[in-house]
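Asker: One structure, pasted below without further comment.
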Amino acid sequence: MVQKSLLIKRVAIAVRPGSEEILVEGDAIRAWLETRGVDVLLTRMDDPGLKAGIERGEFDLLIALGGDGTMLRAGHLAAPSGLPILGINLGRFGFLMQLSREDWKKTLPRLLTGEYKLEKRMMLKAEHRRAGELLSAHQVINEVVVCRGQVVRPIRIRAEVDGYPIAGYVADGLIIATPTGSTAYALAVGGPILPPELRNILIVPVAPHLSMDRAVILPEGASVAVTTESDHNAVMSVDGHDPLLLQEGDQVVVTASDFTVNFVVFQEPGYFYRNLSRYMEQNPSIGDL
């Protein structure tokens, strides 16, 4: 879903921690915006003051400088407040980013004149349950993964949709992804590519052994419950964050989130497929081999 643009007057620029080069680029963007009458905060993505300012509604836009990991962190910060995000790629891959290092000077004027749109992307909610008790809940932009831990051996997991069994797996893991996440880990294990404006839930097994090896695409209203049935380590991980240990019988319940992540886009419809073709033909994260 695409939403019309809003007037931008207050901007937070958040940089990936630990990179002086990115901080310098962020300072150049800050100076450019300030000379055009925009109030700007330049800070690190892990600054607690940034999170507090977003929650208080102090910004009209969050600009994320880095790569896809930085964009995911920005999304987790901004989505609960509905704050739009613009990604400028200063990392390697940057599939989620809208602009490159070379693009921002010629494109940002369109931001101030309202010549952009907001692309509203679906998120998921993942709940970790044990014996019916809720232990934790997590917001998901790309995917939640239930997979083996340190023991290099497949795990047994069972998946249900709306209370009905769909498959039991002996596999390295199971990915439950958004359309945004369909071009991340799910793509790497052979899953289908979903356009980002769709609102579907994607299930893809990882290295299944004598188990169902097909991806399943579900409607937005579905509820997916994944139960661990292994006596050795299994873990869950959300958007690549540190894994949480699962015990035998634990459940990970995944549904559509009440939140959406709002990406600023300047390109016309169809940009997703052009970018996809470019990245698939020459993956910039690989480097020179």
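Just so we're on the same page, my numbering is the position in the sequence shown counted from 1, plus 4.
All residues carry an ideal CB built from backbone N, CA and C; glycine is no exception.
Just so we're clear, the structure is a prediction, and the values are computed from it rather than from any experiment.
Which residue wins for smallest C-alpha separation from L249, given the options T259, V268, V150, A229?
Answerer: V150
Asker: Cβ atoms of R48 and A18: under 8 Å apart, would you say?
Answerer: Here A18 is near R48, since their CB atoms are less than 8 Å apart.
Asker: Is the stretch 150-159 in contact with the stretch 238-246, if contact means three or more CB pairs nearer than 8 Å?
Answerer: yes
Asker: What residues match up with R161 in a beta bridge as DSSP calls it?
Answerer: Looking at the sequence itself, residue 161 is Ile, so the reference to Arg does not match. In the DSSP assignment, I161 forms a beta bridge with Y173, T232.
Asker: Give the straight-line distance between the Cα atoms of D166 and I221, rounded to the nearest whole angstrom.
Answerer: Rounded to the nearest angstrom, the gap between the Cα atoms of D166 and I221 is 14 Å.
Asker: In whole angstroms, what is the alpha-carbon distance linking R100 and A78?
Answerer: The sequence as given places Leu at residue 100; Arg does not occur at that position. For L100 and A78, the distance between alpha carbons rounds to 11 Å.
Asker: Terminal residues of the continuous beta strand (DSSP E) containing R91?
Answerer: Looking at the sequence shown, residue 91 is not Arg but Gly. For G91, the enclosing beta strand (DSSP E) begins and ends at 89-93.
Asker: Is the beta carbon of F270 closer than 8 Å to that of R125?
Answerer: No, Cβ-Cβ distance for R125 and F270 is not below 8 Å.
Asker: Which same chain residues, not among the five before or five after I197, have their C-beta less than 8 Å away from its C-beta?
Answerer: S186, T187, L191, L280
Asker: Hey, is the stretch 117-137 in contact with the stretch 56-67, meaning 3+ C-beta pairs nearer than 8 Å?
Answerer: In the pairwise beta carbon analysis, the stretch 117-137 is classified as not touching the stretch 56-67: fewer than three pairs are separated by under 8 Å.
Asker: So, L122 versus I12, is the Cβ gap smaller than 8 Å?
Answerer: no
Asker: So the beta strand (DSSP E) A260 belongs to, where does it begin and stop?
Answerer: For A260, the enclosing beta strand (DSSP E) begins and ends at 255-269.
Asker: How close, in whole Å, do the beta carbons of L103 and I92 come, if the pair is a contact with beta carbons under 8 Å?
Answerer: 5 Å
Asker: Identify whether K300 lies in helix, strand or coil by the three-state DSSP scheme.
Answerer: In the structure as shown, the chain starts at 5 and stops at 293, and residue 300 therefore has no counterpart that could be examined.
Asker: Using only the alpha-carbon positions, how far apart do L45 and Q251 sit?
Answerer: 43 Å
Asker: Could you work out which residue in G225, E38, F263 is closest to R14 when comparing CA atoms only?
Answerer: E38
Asker: Compute the distance between the beta-carbons of V193 and I179, then report whether it is under 8 Å.
Answerer: Closer than 8 Å, so yes.
Asker: DSSP state of S241, grouped into three classes?
Answerer: If DSSP states are grouped into helix, strand and coil, S241 belongs with the strands.
Asker: Taking the DSSP output, what are the residues bridged to T47?
Answerer: A18
Asker: Excluding sequence positions up to five away, which residues of its chain have a Cβ less than 6 Å from the Cβ of A181?
Answerer: Excluding positions up to five away in sequence, the list reads E147, A190, L206.
Asker: Which residue wins for smallest C-alpha separation from L139, given the options S261, V257, T264?
Answerer: V257
Asker: If you reduce the DSSP assignment to three classes, tell me which class E137 lands in.
Answerer: Here DSSP, grouped into helix, strand and coil, assigns E137 to strand.
Asker: Beta strand (DSSP E) containing E147: first to last residue?
Answerer: 147-152
Asker: Just how far apart, CA to CA, sit A171 and K109?
Answerer: Going by the C-alpha atoms only, they are around 50 Å apart.
Asker: Tell me whether D292 sits in a helix, a strand or coil according to DSSP, three-state version.
Answerer: Confidence in D292 is poor, its pLDDT being 45 and thus under 50, which makes the residue's placement unreliable; the coordinate value appears in the next sentence. Correct three-state label for D292: coil.
Asker: What is the DSSP secondary structure of I12, reduced to helix, strand or coil?
Answerer: Secondary structure at I12: coil, using DSSP grouped into helix, strand and coil.
Asker: Could you tell me the distance, in whole angstroms, from the CA atom of V42 to the CA atom of A16?
Answerer: Distance between the alpha carbons of V42 and A16 is about 10 Å.
Asker: Which residue wins for smallest C-alpha separation from D50, given the options Y173, V208, T74, G225?
Answerer: T74
Asker: Run through the stretch 60-92 for me and flag every whole alpha helix (DSSP H) of 4 or more residues, listed as ranges in chain order.
Answerer: 72-82
Asker: Among the candidates G195, E164, L202, A175, whose CA atom is the shortest distance from the CA of A226?
Answerer: E164
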